[in-house]
Amino acid sequence: MTPKTTYETGLEKFNRTNKVVNIFFNLIFIILALLCVIPVVVVLSISFSSEESIRETGYHLLPVALSAEAYVYIVKQGTMILRALGVSALVTVVGTVLGVLLTTSMGYVLSRPTYKLRGFLTWVVFIPMVFNGGLVSSYFINTNLLGLKDSIWALILPLAVSSFNVIICKTFFKSTIPDGLIESAEIDGASQLRIFFSIILPISLPVIATIGLFLCFAYWNDWFQSMLYIDNQNLYSLQALLNSLMSNVDALAKNAASMGVSYAMLVATMPKESARMAVAILIVLPVAFAYPFFQKYFISGLTVGAVKG
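Residue numbers (UniProt numbering): 1 to 309.
Next up, the structure:
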């Protein structure tokens, strides 16, 4: 075996930790992991708890009285849930594809040193990260100027591009794509669009997966755009439907006394807390199943964006 050099021995000295420190760090990571997992377990437990047990004993890590009435209630609302699920899926898929295309193309253009407006447009992209026009101006532009009110595009376009994602793409392309590769393609007569789609994108999977994951989470979890721009309940996303369900259940419960006897009994027996948590579980599951497939690219893309600015 080759003997270790003094330099290697010196590096190993800084990488060593004693058992006490190792145990301390492991305990910290276990606590942080539990802080992330326990709330999800509690939500799942509430969704499988009976409404009576929740009223009597509150929330528990494990169900006091098992019940699937919340999921039965969701199945009974099948048409509404499926329609909202379809809207969420459509918005997420279309928005993610469109957002990735716009963000990567913008980042690629700003990363090229030969582009004359690179400095000016970089500031144009960077300034909204610090300042923004506010909610009133955004609402006016999206509704009056662009006419997106009660349109599926109102759920897609406002979230398609963000300055943070563009900066990540710009940093990735600038630090990863060699200028010689692009120059050789230009000498062969390739256009910029051909270079971007045939050469740049195929070797940029880490940043594409990272931006795609950011956008996918943003679109799937968004309910605020629906609250602002959507009045037609047929265009409600799953998250907006959950928000509406929470508000309506509270309103029905408060006004149960003024309703007819049969309707008041229906409201009294309606699974309120468990139904909310069941819809929340329905929202979380697709993202939870999708994340492990993107984790490798996600971490790689974030590392590249963090090392060089």
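Cβ coordinates follow ideal geometry from the N, Cα and C atoms, glycine included.
{"Check": "Any idea if residue 232 is buried or exposed, counting beta-carbon neighbours within 10 angstroms, 16 or more meaning buried?", "Outcome": "exposed"}
{"Check": "Have a look at 196, 284, 276, 91 and flag the residue whose alpha-carbon is nearest the alpha-carbon of residue 237.", "Outcome": "91"}
{"Check": "Hey, would you say residue 122 sits closer than 8 Å to residue 211, going by beta carbons?", "Outcome": "no"}
{"Check": "Any idea if residue 51 is buried or exposed, counting beta-carbon neighbours within 10 angstroms, 16 or more meaning buried?", "Outcome": "buried"}
{"Check": "If you draw a straight line from the alpha carbon of residue 190 to that of residue 198, how long is it in whole angstroms?", "Outcome": "10 Å"}
{"Check": "Assign residue 142 to buried or exposed, taking buried as 16 or more other Cβ atoms, counted over all protein chains shown, within 10 Å of its Cβ.", "Outcome": "buried"}
{"Check": "With 16 other CB atoms within 10 Å as the buried threshold, where does residue 291 fall?", "Outcome": "exposed"}
{"Check": "Considering only their Cβ atoms, is the gap separating residue 53 from residue 65 smaller than 8 Å?", "Outcome": "yes"}
{"Check": "Could you name the residues that DSSP lists as bridge partners for residue 66?", "Outcome": "49"}
{"Check": "Can you give the Cα-Cα distance for residue 125 and residue 166, rounded to whole angstroms?", "Outcome": "8 Å"}
{"Check": "When the Cα atoms are used, what is the spatial distance from residue 176 to residue 55?", "Outcome": "57 Å"}
{"Check": "List the whole-angstrom C-beta distance separating residue 235 from residue 87, where the pair is believed to meet the contact cut-off of C-beta under 8 Å.", "Outcome": "6 Å"}
{"Check": "Expressed to the nearest angstrom, what Euclidean distance is found between the alpha-carbon atoms of residue 278 and residue 49?", "Outcome": "10 Å"}
{"Check": "Just the Cα atoms here: how many angstroms apart are residue 27 and residue 289?", "Outcome": "27 Å"}
{"Check": "Roughly how many angstroms separate the alpha carbons of residue 260 and residue 135, rounded to a whole number?", "Outcome": "Reliability fails at residue 260, whose pLDDT of 48 lies under 50, so the model's placement of it is uncertain and the value that follows must be treated cautiously. Computed Cα separation, rounded: 41 Å."}
{"Check": "What three-state label does DSSP hand residue 170 in the structure shown?", "Outcome": "helix"}
{"Check": "Ignore the nearest five residues each way along the sequence and tell me which others in residue 255's own chain have a CB closer than 6 Å to its CB.", "Outcome": "Because the pLDDT at residue 255 is just 47, under 50, the model does not fix this residue reliably, and the value given afterwards should be weighed accordingly. Same-chain partners within the cutoff: there are none."}
{"Check": "What residue range is occupied by the uninterrupted alpha helix (DSSP H) comprising residue 208?", "Outcome": "205-221"}
{"Check": "Under the three-state reduction of DSSP, which class applies to residue 83: helix, strand or coil?", "Outcome": "helix"}
{"Check": "Measuring only between beta-carbons, confirm whether residue 50 sits less than 8 Å from chain B.", "Outcome": "Chain labels in this structure do not include chain B; a single protein chain is all it has."}
{"Check": "Which term fits residue 78, buried or exposed, when burial requires 16 or more other beta carbons within 10 angstroms of its beta carbon?", "Outcome": "exposed"}
{"Check": "Assign residue 33 to buried or exposed, taking buried as 16 or more other Cβ atoms, counted over all protein chains shown, within 10 Å of its Cβ.", "Outcome": "exposed"}
{"Check": "Confirm, please, whether the CB-CB distance from residue 154 to residue 239 is below 8 Å.", "Outcome": "no"}
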